[in-house]
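Colleague:
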Amino acid sequence: MKAAIAGIAASALTLCISTSAVFATDLRMTVWTGSEAHLKMLNGIAESFKATHPDVNVKFETVPVNDYTQKLTFQIAGGNAPDIAWMMEDAAPAFENANLLMDLAPTLKAAEGYDFDDFSKPAMGLWQKDETVYGIPFSTSPFMIYYNKDMFDKAGLEDPLTIAAKGEWNMDKFQEVSKKLAETNPGKWGFEFKDGEGYASRMTHALLPPIRAYGGDIWSNKECGFDKPEAVKAVKQLHDMVFKDKSIVPPGEQGDYFSGNSAMTVNQISRASKMAEAGFKWGIAPLPTGPGGESPVIGQAGLVVFAQGKNTEIAAEFVAHMTNKENVATMAQFFPPARKSVLQADAFINGNKLVPPEMMKNVAAAIEKGRVVSANEKAPQILAAMAPRVDALWKPDADVDAAIKGICAAIQPLL
């Protein structure tokens, strides 16, 4: 009898194990990081999901960043869409408008203790339309001014952080100090565009911050904004700084802020990792303001679930888990968050070993108040159409007004 009972118990255990194996769910999530530290953190979050979903396994699949969106598109077209994906801000509109993304709102708002309203509304602008939520930003990185304090000291100038604290860091002051920095550091520059680019590439990253400071935008509501008065003033000021003041690194030249050849640049918080090797004192300050007031610019990456995936409900529940307060705080060590409670926490303000708390407070404020870089589902075609018109702008004797009108004439049909 005992042997029979033992046999039945063993059979039941085998059946449970077999049933568990049959009903186990494997979620596939694409990312563009291969960082060991990033993947260790992500796998830790996936493991913690097992507390409520013991039969769910999450596999992170690294796709190189340079062809990430293209490969993701091919996977979807081939019927092999991942369950979850990281998505770049410039790709989001195309996927949203093609109805490829699941509405996460019901799942997120039903998740216990999730507190959806904790996310900064401006930071959600790209991912939410009315009550529909297409994605949740996991990395919200503001554009900031990096400055070489040694060069400011040599020029006898207050640094941008100090000027900003006095409420005087605006586009006019930016032009003034850039010119003096170039004059007092022969052979060097006052400012360079993001990553030393901005002419043939990163055109929008070069033009967008000053245009927004003046109260304009490069495009919005399917209308070109380059030829609006606010944008024209901003572009003309940049043109003067390049060719009259000779304070911005011009086309064809290399400034390289990180090597000490430019006093300022604009970049995101992740670039602070390069400053550990800098041979000069440095700091981070907000973008200059202008007639349009404070206009922080943020770049983003979001978490999305594909509507045609095989495990949409469980995938949405994992996104809710991954972006709850606890896990957003965990990810904040690598990815600036969009949750207001995490941004305001001491752990975030004091958690960056390279950036002092007074600078991190400005980073947090820029995230909470910032607007995402302008995106469009036809962004690649728009940038290709812009290129020759923008190239005509960056000439010493350019007809700036005509060049700006040319930009709008080229891109308006695509908007």
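In mature numbering (1 follows the signal peptide of the UniProt record, and there is no 0), the protein residues as written are -24 to -1, 1 to 391. Note that beta-carbon positions come from the ideal geometry of N, C-alpha and C, so glycine has one too.
1. Looking only at its own chain, which residues have a Cβ that is under 7 Å from the Cβ of residue -4, when we skip the five neighbours before and after it?
2. Shortest alpha-carbon distance to residue 436 belongs to which of 343, 366 and 176?
3. At what residues does the alpha helix (DSSP H) containing residue 44 begin and finish?
4. Any contact between the region 253 to 266 and the region 276 to 284? By contact I mean 3 or more CB pairs, one from each, below 8 Å.
5. Rounding to the nearest angstrom, what Cα-Cα distance links residue 282 and residue 370 in this structure?
6. Taking three-plus beta-carbon pairs below 8 Å as touching, is the region 350 to 366 in contact with the region 112 to 130?
7. Hey, out of 113, 377 and 388, whose CA is closest to residue 206's CA?
8. Straight-line CA distance for residue 14 to residue 8?
9. Measure from the C-beta of residue 332 to each C-beta in chain E and report whether the shortest distance is under 7 Å.
10. Just the Cα atoms here: how many angstroms apart are residue -9 and residue 173?
11. Thinking C-alpha only, which one of 82, 34, 210 and 322 is nearest residue 268?
12. By how many angstroms is the C-alpha of residue 336 removed from the C-alpha of residue 315?
13. With respect to the beta strand (DSSP E) encompassing residue 253, which residues constitute its N-terminal and C-terminal limits?
14. Can you give me the Cβ contacts of residue 309 inside the same chain, cut-off strictly under 8 Å, excluding the 5 residues immediately before and after it?
15. Spatial neighbours of residue 74 within its chain, please: CB distance less than 6 Å, with the 5 preceding and 5 following residues excluded, ordered by chain position.
16. Alpha carbon to alpha carbon, how far is residue 68 from residue 78? Give it in angstroms, no decimals.
17. Given this structure, state the Cα-to-Cα distance separating residue 330 from residue 54, to the nearest angstrom.
18. Please report the distance separating the alpha-carbon of residue 384 from that of residue 23.
19. Take every Cβ of the region 217 to 237, pair it with every Cβ of the region 90 to 108, and state whether three or more of those distances are shorter than 8 Å.
20. Using 7 Å as the threshold, is the C-beta distance between residue 81 and residue 65 below it?
21. Which value, in whole angstroms, describes the spacing of the CA atoms of residue 189 and residue 155?
22. Distance, Cα to Cα, residue 259 vs residue 242?
23. Quick one: Cα of residue 137 to Cα of residue 288, how far?
24. Exposed or buried, residue 46, counting other C-beta atoms within 10 Å across all chains shown (16 or more means buried)?
Modeller: Reading it off the structure:
1. Reading the sequence shown from its first residue, position 21 is the one you call residue -4. Reliability fails at residue -4, whose pLDDT of 45 lies under 50, so the model's placement of it is uncertain and no value is given.
2. No answer is possible for residue 436: the residues shown for the chain start at -24 and end at 391.
3. Position 68 of the sequence shown, counting from 1, holds the residue named residue 44. Here the alpha helix (DSSP H) through residue 44 covers 44 to 53.
4. no
5. By 1-based counting over the sequence shown, the position of residue 282 is 306. By 1-based counting over the sequence shown, the position of residue 370 is 394. Looking at the two C-alpha atoms, the distance is approximately 41 Å.
6. no
7. For this step, residue 206 is matched to residue 230 along the sequence shown. Selected option, being the one with the closest Cα: 377.
8. Taking the first residue of the sequence shown as position 1, residue 14 is located at position 38. Taking the first residue of the sequence shown as position 1, residue 8 is located at position 32. Taking the straight line joining both Cα atoms gives about 10 Å.
9. You won't find chain E in this structure, because it holds only one protein chain.
10. Translated into positions along the sequence shown, residue -9 becomes position 16. Translated into positions along the sequence shown, residue 173 becomes position 197. Its pLDDT being 47, under 50, residue -9 is placed unreliably by the model, and nothing is read from it.
11. By one-based count along the sequence shown, residue 268 stands at place 292. Closest by alpha carbon: 210.
12. The residue you call residue 315 lines up with position 339 of the sequence shown. The residue you call residue 336 lines up with position 360 of the sequence shown. Cα-Cα distance, rounded: 15 Å.
13. In the sequence shown, the residue the question calls residue 253 occupies position 277. From DSSP, residue 253 is part of no beta strand (DSSP E); its letter is neither H nor E.
14. Numbered from 1 along the sequence shown, position 333 holds the residue referred to as residue 309. If we look at residue 309 and ignore the five residues flanking it on each side, its Cβ neighbours are 17 and 327.
15. The residue labelled residue 74 in the question sits at position 98 within the sequence shown. Once the five neighbours on either side are set aside, residue 74 has no close Cβ partner at all.
16. The count along the sequence shown starts at 1 and reaches residue 78 at position 102. The count along the sequence shown starts at 1 and reaches residue 68 at position 92. Going by the C-alpha atoms only, they are around 12 Å apart.
17. As a first step, residue 330 must be located in the sequence shown, where it is residue number 354. As a first step, residue 54 must be located in the sequence shown, where it is residue number 78. Each residue's alpha carbon lies about 44 Å from the other.
18. Position 408 of the sequence shown holds residue 384. Position 47 of the sequence shown holds residue 23. The alpha-carbon atoms of residue 384 and residue 23 are separated by roughly 50 Å.
19. no
20. Here the question's residue 81 lines up with position 105 in the sequence shown. Here the question's residue 65 lines up with position 89 in the sequence shown. No, Cβ-Cβ distance for residue 81 and residue 65 is not below 7 Å.
21. Here residue 189 refers to the residue found at position 213 when the sequence shown is read from its first residue. Here residue 155 refers to the residue found at position 179 when the sequence shown is read from its first residue. Rounded to whole angstroms, residue 189 to residue 155 spans 19 Å at the Cα level.
22. To locate residue 259, count along the sequence shown from 1; it is residue 283. To locate residue 242, count along the sequence shown from 1; it is residue 266. If I take the Cα positions, the gap works out to 12 Å.
23. Stepping through the sequence shown from its first residue, residue 137 is reached at position 161. Stepping through the sequence shown from its first residue, residue 288 is reached at position 312. In a straight line, the C-alpha of residue 137 is about 46 Å away from that of residue 288.
24. As a working mapping, residue 46 is identified with position 70 in the sequence shown. Exposed.
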